[in-house]
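Engineer: Let me give you the structure first, and then I'll get to my questions.
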Amino acid sequence: DIQMTQSPSSLSASVGDRVTITCRASLSIDRHLNWYQQKPGKAPKVLIYAASSLQSGVPSRFSGSGSGTDFTLTISSLQPEDFATYYCQQSYNTPHTFGQGTKLEIK
Amino acid sequence: QVQLQESGPGLVKPSETLSLTCTVSGGSISSYYWNWIRQPAGKGLEWIGRIDTSGSTDYNPSLKSRVTMSVDTSRYQFSLRLSSVTAADTAVYYCARDRGSGNYLDYWGQGTLVTVSS
């Protein structure tokens, strides 16, 4: 299985901050990397697919980059509704493994 | 608007089989992969597996010996069976659609909590 490692595991930030979350794959996954946002009690929601493609309806303050083994999710200016847990997922090989998650909290 | 809805027992006894169904509405069931993902309380997401409408499956090797997925295109449903459950299988179970092209999960059910307990 491909292991996905996110960092940090948790992060405190303020409204308006620029935030970056990283995800590293245990082997090259080309650009087969997706990012999801999950709020408490809710299903995850896709933000970014194929490393850098913004899902329809997702605000442009979210962006993704990377290829191979190293990827980033950036939120350019945090909004109150962005405080949530973020997961990366590789879709290069099955099983389509997830990272352990990054909890973004209000400072 | 595509909607997915999980259904099934919320309580399963140890050693028995967990059975869940996901009903798809508002869109086609064809030409997609249909996935199951689970999440124990307070923990991360675990991909269980997927099935396409031809019945072809991919399972997580960690669960493969206990998992069976099926699809009924006429009823717009797909199903998960997990045998020989233990308390470690207690989780919220989600069904989700895999876009196929790009392989990302674009529609999810709301999730259903399954507790394994006697």
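Those protein sequences? They're chains A and B, same order as listed. Quick note on my numbering: the first sequence kicks off at 41 and runs consecutively. Quick note on my numbering: the second sequence kicks off at 54 and runs consecutively. Backbone N, C-alpha and C fix where the C-beta goes; we use that ideal spot for every residue, glycine too.
(1) Report yes or no: is there a C-beta of chain B within less than 7 Å of the C-beta of A:G141?
(2) In three-state DSSP terms, what is B:E99?
(3) In this structure, what does DSSP give as the bridge partners for A:S138?
(4) The beta strand (DSSP E) spanning B:N88 covers which residue range?
(5) Within the continuous beta strand (DSSP E) that includes B:D125, where are the two ends?
(6) Excluding the 5 residues preceding and the 5 following A:T62 in the sequence, name in chain order all residues of the same chain whose CB lies nearer than 6 Å to its CB.
(7) In this structure, what does DSSP give as the bridge partners for A:R64?
(8) Does the beta carbon of A:V98 sit closer than 7 Å to a beta carbon anywhere in chain B?
(9) At a CB distance below 9 Å, what residues from the region 83-103 of chain B approach chain A? Give them in sequence order.
(10) Against chain B, with Cβ distances strictly below 7 Å, would A:T45 count as a contact?
(11) Note the first and the last residue of the continuous beta strand (DSSP E) segment covering A:K85.
(12) With B:P114 and A:P135 assumed to form a contact (beta carbons below 8 Å), what rounded beta-carbon distance in angstroms separates them?
(13) Could you give the residue range of the beta strand (DSSP E) that holds B:E59?
(14) Contact criterion: CB-CB distance below 7 Å. Does B:Y157 meet it with respect to chain A?
(15) Which one or two residues does DSSP pair with B:L64 in a beta bridge?
(16) Per the DSSP calculation, B:D151 is bridged to which residue(s)?
(17) Can you tell which of A:V86, A:Q43, A:P99, A:D57 has the C-alpha that lies nearest to the C-alpha of A:T125?
(18) Taking the beta strand (DSSP E) that A:Q78 falls in, what are its first and last residues?
(19) List, in order along the chain, the chain B residues whose C-beta lies closer than 9 Å to that of A:F138?
(20) Just to confirm the assignment, what range does the beta strand (DSSP E) spanning B:T110 have?
(21) Is the distance from the Cβ of B:Y129 to the Cβ of B:I82 below 7 Å?
Structural biologist: On the basis of the coordinates in this document:
(1) Here residue 141 of chain A refers to the residue found at position 101 of the first sequence. Answer yes: the Cβ-Cβ gap between A:G141 and chain B drops below 7 Å somewhere.
(2) Within the second sequence, residue 99 of chain B is the residue found at index 46, counting from 1. Correct three-state label for B:E99: strand.
(3) Within the first sequence, residue 138 of chain A is the residue found at index 98, counting from 1. The sequence shown places Phe at residue 138 of chain A, rather than the Ser named in the question. Looking at the DSSP assignment, A:F138 forms a beta bridge with A:Q129.
(4) Looking up residue 88 of chain B in the second sequence gives position 35. Its beta strand (DSSP E) spans residues 86-92.
(5) To locate residue 125 of chain B, count along the second sequence from 1; it is residue 72. Unbroken beta strand (DSSP E) run through B:D125: 120-125.
(6) Residue 62 of chain A sits at position 22 when you count from the first residue of the first sequence. Excluding residues within five positions, the ones whose Cβ falls inside 6 Å are S47, T112.
(7) Numbered from its first residue, the first sequence carries residue 64 of chain A at position 24. Answer is A:T45, A:D110.
(8) As a position in the first sequence, residue 98 of chain A is number 58, starting the count at 1. No, no contact with chain B.
(9) N88, I90, Q92, K96, G97, L98, E99, W100, I101, G102, R103
(10) Indexing the first sequence from 1 puts residue 45 of chain A at position 5. No - not a single Cβ of chain B is within 7 Å of the one on A:T45.
(11) On the first sequence, residue 85 of chain A is found 45 positions in, with the first residue counted as 1. 85-89 is the extent of the beta strand (DSSP E) around A:K85.
(12) On the second sequence, residue 114 of chain B is found 61 positions in, with the first residue counted as 1. On the first sequence, residue 135 of chain A is found 95 positions in, with the first residue counted as 1. Contact flag correct, Cβ pair sits at about 7 Å.
(13) Here residue 59 of chain B refers to the residue found at position 6 when the second sequence is read from its first residue. 56-60 is the extent of the beta strand (DSSP E) around B:E59.
(14) Within the second sequence, numbered from 1, the residue matching residue 157 of chain B stands at position 104. Interface residue, yes.
(15) Looking up residue 64 of chain B in the second sequence gives position 11. In DSSP, B:L64 forms a bridge with B:T168.
(16) Translated into positions along the second sequence, residue 151 of chain B becomes position 98. DSSP output for B:D151 lists B:Y86, B:L158 as bridge partner(s).
(17) For the purposes of this step, residue 125 of chain A is identified with residue 85 of the first sequence, where counting begins at 1. For A:T125, the nearest C-alpha among the options comes from A:V86.
(18) Start at 1 with the first residue of the first sequence, and residue 78 of chain A comes out as number 38. It spans 73-78 - the beta strand (DSSP E) in which A:Q78 sits, taken as one unbroken run.
(19) For the purposes of this step, residue 138 of chain A is taken as the residue at position 98 of the first sequence. Counting only Cβ-Cβ distances below 9 Å, A:F138 has contacts in chain B at I90, G97, L98, E99, W100, in chain order.
(20) Position 57 of the second sequence, counting from 1, holds the residue named residue 110 of chain B. Going by DSSP, B:T110 is part of the beta strand (DSSP E) stretching over 110-112.
(21) By 1-based counting over the second sequence, the position of residue 129 of chain B is 76. By 1-based counting over the second sequence, the position of residue 82 of chain B is 29. Yes.
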